[in-house]
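Asker: This structure is in C-alpha cells; I'll ask about it shortly.
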DNA sequence: CTGTTAGCGCGTTCAT
DNA sequence: ATGAACGCGCTAACAG
C-alpha cells in the first residue's frame, strides 16, 4: 500500500507536509495543499493508522467485552455503546466471552496489545484478575451490568434486586405463594441479586425460607428448558414462575406449551428483560424491562470521561445503578391464597 | 505502558532477546529465557501489537461489515464468521452500516486505515465504489449474502431466488392465487432475487404479470408494518402473504393480530429466514431457512484462503451459492382456487 | 509556510 | 546464543 513518502515524492514536497494536509494541522499554502491532495487521490493513499496510533499514543478504539451478542439484551446494549462511541469519534470493538473466563482473559489480552483506549467489560465471573491487570496497565475500564465483589472499577448496571423485588411483590399481591425463581449461575451477580430481591419480597410477605423455590442454572435457553422441566414435576406445582432473564423466560414459555400448560390460566409467568418490538409477535409476558440501550450509552460516556481526564483519577470509583421498570401484560393470573 | 526496552533492561539483555523469548523465535539459553520471563511478569509487560503489525505488515484482524447486528440472522452469520476467524488465529471486527452507503464508506475507510488483513462485506447498496477501492488497495474482500451487479469480488450467498420460488410454489399448490410479496429495497439483491423467484413460480403456474402483488420497502419492522397495513386494505384481499425477511414476517404477524385477522384461518403467511430457537415461543411460521452460521464460516474461510495465498489471484472470482431449506409449520391454509 | 531530525515500539538482517 | 543497526509509516519539535 502507498505510504506517505510516495505521496510526498509525487507532490514534490516533504512527508510532513502531506501529513499536515491530511490532518488539517498547521498552515499550508493553498497551492501546496492542492498538489498534495491530487497526489493523494491519484495514488489512492490511505494513511496507516497503526503508525498514527503509535505516534499519537492513542488508537481511537474502545472495546465492549460481553457475554453473548446473540442475546437481544446485549445487542441493544451494544448499539447504545456504539452510538455513544461513534458520537465521540471512537470506534467500538465487540468481543463475546460466552461467560468463559478463559475467553475473557484471552480477549482482554488482545485488547491490551492493541492498545485500545478503554474497555467496557461485562465480567464473565467474579474473578478480579483481569480487572487488576487493567488497573496495573492503567487502561481505563468500566464494568457493565454486574457488580464486583470488591470496588475496583467504575460500574454501570441496572437495579436487579429492586426489579426482582417488585416483580415478586406483584405476584404476591395477586395471591401467589408458591413462586419458583429460575435464575442464572450463582457466579453472576445479576442472577444472585434477583434472588435477593425475590427473597426480600417473600420475607416481607411473611413467608419464610422454606417457601423459597430457587433454581440456579444459566441465562440460556437450554438451561431454562431444563429448569422448567423440573418445576413442572414439582408437587405441589408452583402457581407462578419467575424467569430471571429473557432466554429463561422464553424457555419456560416453550416448555409450558409443550406440556400443554396454559399461561396464565394454569400457571403465571413473569420475566426479566423485555424483548425488542421487532422480535415479538404478541407480547404476553409481564416483565421487568431494563434500560439496555441507555446503559450502553451511559457506560461509554463514563469511560470517555475517564480517558479525556474529565474525572479526577483520585476519586473513588463511581457506581451508577439504573432504575428498572415493570411492564405489565397478561401472563399473571390472580389466584386464591393457598 | 511498559516497553520491550524496559523489560530488556531489567532482565539485563538486549530488546531483541526479549522479542525472541516472546515470539518463540530463534535460540535462547534456558537461563536467559527465565530471566526475561520473570522480568516480563514483574513488569506486566504486554507487547504492543501496533508496532508488531507495523513490522510484520499484517494485523491478524478481519472485519465483518454488515447491515444490522440487531437482526438475529446477522448475529448468527457473525458467530459463524467469528468462530472461523478465531479458529485460524484471527480477530474479527464487526461494523454496522444500517444499510447506509455513507456509513459503509466511512467504516471501510477506517478498516483500510487499520490495515485489517481482509474484509467480509454485506454491501449496503449496489454501489461498487467501495469494492473497487478495496481492489485498488489490494485488500482481500469477500462479499456476503448479496450479489454484485458486476463480478468484482468473491461472493458467498444463499439461493434467494430458489427459496422464494419454492415458497411461492408451496402457496400455489395449496390453492393460493392472490399472493402478496412484501420485500426490501429494490437496491438490495436479496430483495429483488426473492421477487424473481416469486415471479417465476407465478409464471409457471400460468399466472401473468397482473397477478403479481409486490411491495418494496425495507427489511425492517417499521417497513413491514406499513406494507402489511397496505395489504390489509386491498380489495380483494390477498389470501396469502409472503414476507421476504424475518422482521417483515414478524411485522406482518403483528399487524394481523392487531387487525384481528387469524393465521392461517383468515390469511396464510410465509417468511424468509428462520428465527433461532432461543427467540421463539411457538414456531408457527412456514419459512425458508438460510444456513446463516455456515455462510459466515464459509465466507471467512474463503477470505482466509485468499490472504494465505492458497488461491491463485489470477483465478476468476468465485461465487458460492448455498442451498436453502423450507421449514413447513402451520401458517399456510389450503384455499379454494379462486 | 515548509523541511529536517528524531523517535513512537518492535523485529529483520547481519554480525559476533 | 546474543546484540547493533536499521526501518516499518507516521508526526512532534524545532529550524528556517
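Chains as they are written, first to last, in this note's numbering: chain B, 72 to 409; chain A, 72 to 409. Glycine is no exception: its CB is placed at the ideal position from the N, C-alpha and C atoms.
(1) Measure from the C-beta of residue 375 of chain A to each C-beta in chain B and report whether the shortest distance is under 8 Å.
(2) With a threshold of 6 Å on Cβ separation, who are the neighbours of residue 343 of chain A within its own chain once the five nearest residues in sequence on each side are excluded?
(3) Kindly say whether residue 150 of chain A, judged by its beta-carbon, lies nearer than 8 Å to any beta-carbon of chain B.
(4) Can you list the residues of chain B that residue 118 of chain A reaches, using a CB-CB cut of under 7 Å?
(5) Under three-state DSSP, which class holds residue 406 of chain A?
(6) For the candidate residues A/262, A/238 and A/117, whose alpha-carbon lies nearest to that of residue 395 of chain A?
(7) Within the continuous beta strand (DSSP E) that includes residue 135 of chain A, where are the two ends?
(8) For residue 181 of chain B, return the contacting residues in chain A, with the cut-off set at a CB-CB distance below 7 Å.
(9) Any contact of the segment 194-203 of chain B with the segment 192-205 of chain A, i.e. 3+ C-beta pairs under 8 Å?
(10) Just the C-alpha distance for residue 118 of chain B and residue 216 of chain B, rounded to the nearest angstrom, thanks.
(11) Residue 183 of chain B lies in the alpha helix (DSSP H); which residues open and close that run?
(12) Does the separation of the CB atoms of residue 140 of chain B and residue 164 of chain B fall below 8 Å?
(13) Taking buried to mean at least 16 other C-beta atoms within 10 Å of its own C-beta, is residue 98 of chain A buried or exposed?
(14) Specify the secondary structure class of residue 269 of chain B as computed by DSSP and reduced to three states.
(15) Going by other Cβ atoms of all chains shown within 10 Å of its Cβ, with 16 needed for buried, is residue 66 of chain B buried or exposed?
(16) Residues of chain A with a CB under 8 Å from the CB of residue 343 of chain B: which are they?
(17) Can you tell me where the beta strand (DSSP E) with residue 255 of chain A in it begins and where it stops?
(18) Note down, in chain order, each residue of its chain lying with its Cβ closer than 8 Å to the Cβ of residue 160 of chain B, except the 5 sequence neighbours on either side.
(19) Within 10 angstroms of the Cβ of residue 150 of chain A, are there 16 or more other Cβ atoms? Answer buried if so, exposed if not.
(20) Can a CB atom of chain B be found closer than 8 Å to the CB of residue 200 of chain A?
(21) Which full runs of the alpha helix (DSSP H) of 4+ residues lie inside the segment 225-254 of chain B, going along the chain?
(22) Would you kindly report the start and end of the unbroken beta strand (DSSP E) that includes residue 339 of chain A?
(23) Provide the residue span of the beta strand (DSSP E) that contains residue 287 of chain B, from first to last.
(24) In the segment 244-270 of chain A, which residues sit with their C-beta less than 7 Å from some C-beta in chain B, listed in chain order?
(25) Please decide whether residue 445 of chain A counts as near chain B, where near means a Cβ-Cβ distance under 8 Å.
(26) Once you ignore the five residues that flank residue 252 of chain B on each side, which residues in its own chain have a CB closer than 6 Å to its CB?
(27) Quick one: what's got a C-beta closer than 6 Å to residue 406 of chain A's C-beta in the same chain, skipping five residues either side?
(28) Under 8 Å Cβ to Cβ from residue 376 of chain B, same chain only, skipping five residues before and after it: list those, please.
(29) Who are the Cβ neighbours of residue 372 of chain A in its own chain at under 7 Å, not counting the five residues just before and after it?
(30) I want to verify the contact list: residues of chain A whose CB lies under 8 Å from the CB of residue 129 of chain B, in sequence order.
(31) Quick one, which residues of the segment 299-330 of chain A are near chain B if we go by CB-CB under 7 Å, in chain order?
(32) Of the choices B/264, B/173 and B/147, whose alpha-carbon is the least far from that of residue 345 of chain B?
(33) In terms of residue numbering, what span does the beta strand (DSSP E) encompassing residue 396 of chain A cover?
(34) Taking 8 Å as the threshold, find out whether the segment 325-334 of chain A comes into contact with the segment 287-304 of chain A through three or more Cβ pairs.
(35) Cutting at 8 Å between CB atoms, please list the residues of its own chain near residue 206 of chain A, excluding the five before and the five after it.
(36) Spatial neighbours of residue 229 of chain B within its chain, please: C-beta separation below 6 Å, excluding the five flanking residues on both sides.
Answerer: For this structure:
(1) The residue labelled residue 375 of chain A in the question sits at position 304 within the second chain. Not one chain B Cβ lies under 8 Å of residue 375 of chain A.
(2) By 1-based counting over the second chain, the position of residue 343 of chain A is 272. Excluding residues within five positions, the ones whose Cβ falls inside 6 Å are 315, 316 and 359.
(3) Mapped onto the second chain, residue 150 of chain A falls at position 79. True, the Cβ-Cβ gap to chain B drops below 8 Å.
(4) Here residue 118 of chain A is taken as the residue at index 47 of the second chain, counted from 1. Within chain B, the residues near residue 118 of chain A are 184.
(5) Within the second chain, residue 406 of chain A is the residue found at index 335, counting from 1. Three-state result, residue 406 of chain A: coil.
(6) Here residue 395 of chain A refers to the residue found at position 324 when the second chain is read from its first residue. Cα-wise, what sits closest to residue 395 of chain A is A/238.
(7) What you label residue 135 of chain A is simply residue 64 of the second chain in a count that begins at 1. For residue 135 of chain A, the enclosing beta strand (DSSP E) has its first and last residue at 132-137.
(8) The residue you call residue 181 of chain B lines up with position 110 of the first chain. Those are 162, listed as they occur along chain A.
(9) no
(10) In the first chain, the residue the question calls residue 118 of chain B occupies position 47. In the first chain, the residue the question calls residue 216 of chain B occupies position 145. Each residue's Cα considered, the two are about 37 Å apart.
(11) Within the first chain, the letter at position 112 stands for residue 183 of chain B. Residues 172-184.
(12) Reading the first chain from its first residue, position 69 is the one you call residue 140 of chain B. Reading the first chain from its first residue, position 93 is the one you call residue 164 of chain B. Going by C-beta atoms, residue 140 of chain B is not nearer than 8 Å to residue 164 of chain B.
(13) By one-based count along the second chain, residue 98 of chain A stands at place 27. The residue is exposed, with fewer than 16 neighbouring Cβ atoms inside 10 Å.
(14) As a working mapping, residue 269 of chain B is identified with position 198 in the first chain. Judged by DSSP in its simplified three-state form, residue 269 of chain B adopts helix.
(15) No answer is possible for residue 66 of chain B: the residues shown for chain B start at 72 and end at 409.
(16) By one-based count along the first chain, residue 343 of chain B stands at place 272. Near residue 343 of chain B there are no residues of chain A at all, since even the closest Cβ is about 15 Å away, more than 8 Å.
(17) Taking the second chain and counting its residues from 1, the one referred to as residue 255 of chain A is at position 184. Where residue 255 of chain A is concerned, there is no enclosing beta strand (DSSP E), given that its DSSP letter is neither H nor E.
(18) Walking along the first chain from the start, residue 160 of chain B turns up at place 89. If we look at residue 160 of chain B and ignore the five residues flanking it on each side, its Cβ neighbours are 131.
(19) As a working note, residue 150 of chain A is residue 79 in the second chain. Answer is buried; the Cβ neighbour count reaches 16.
(20) The residue labelled residue 200 of chain A in the question sits at position 129 within the second chain. Answer no: the Cβ-Cβ gap between residue 200 of chain A and chain B never drops below 8 Å.
(21) List check, alpha helix (DSSP H) in window: 231-244.
(22) Here residue 339 of chain A refers to the residue found at position 268 of the second chain. Note, residue 339 of chain A: beta strand (DSSP E), 339-343.
(23) Sequence index remark: in the first chain, residue 287 of chain B carries index 216 (1-based). Here the beta strand (DSSP E) through residue 287 of chain B covers 284-287.
(24) none
(25) Only positions 72 to 409 of chain A appear in this structure, which leaves residue 445 of chain A out of reach.
(26) Translated into the one-based positions of the first chain, residue 252 of chain B becomes position 181. Here the set comprises 269, 285 and 313.
(27) Here the question's residue 406 of chain A lines up with position 335 in the second chain. Closer than 6 Å at Cβ, skipping near neighbours: 246, 247 and 310.
(28) Position 305 of the first chain, counted from the first residue, corresponds to residue 376 of chain B. Answer for residue 376 of chain B: 382, listed in chain order.
(29) To locate residue 372 of chain A, count along the second chain from 1; it is residue 301. For residue 372 of chain A, where only same-chain residues beyond five positions count, the Cβ hits under 7 Å are 155.
(30) Stepping through the first chain from its first residue, residue 129 of chain B is reached at position 58. Contact annotation for residue 129 of chain B against chain A: no contact, minimum CB-CB distance about 11 Å [criterion: below 8 Å].
(31) 318, 321, 324, 325 and 328
(32) Walking along the first chain from the start, residue 345 of chain B turns up at place 274. Nearest C-alpha to residue 345 of chain B: B/147.
(33) Numbered from its first residue, the second chain carries residue 396 of chain A at position 325. Segment 396-398, the beta strand (DSSP E) holding residue 396 of chain A.
(34) For the pair of segments examined, the segment 325-334 of chain A was found to touch the segment 287-304 of chain A: the number of CB pairs separated by less than 8 Å reaches three.
(35) Locating residue 206 of chain A in the second chain gives position 135, where the first residue counts as 1. 212, 223 and 224, listed in sequence order.
(36) Within the first chain, the letter at position 158 stands for residue 229 of chain B. Around residue 229 of chain B: 361, 393 and 395.
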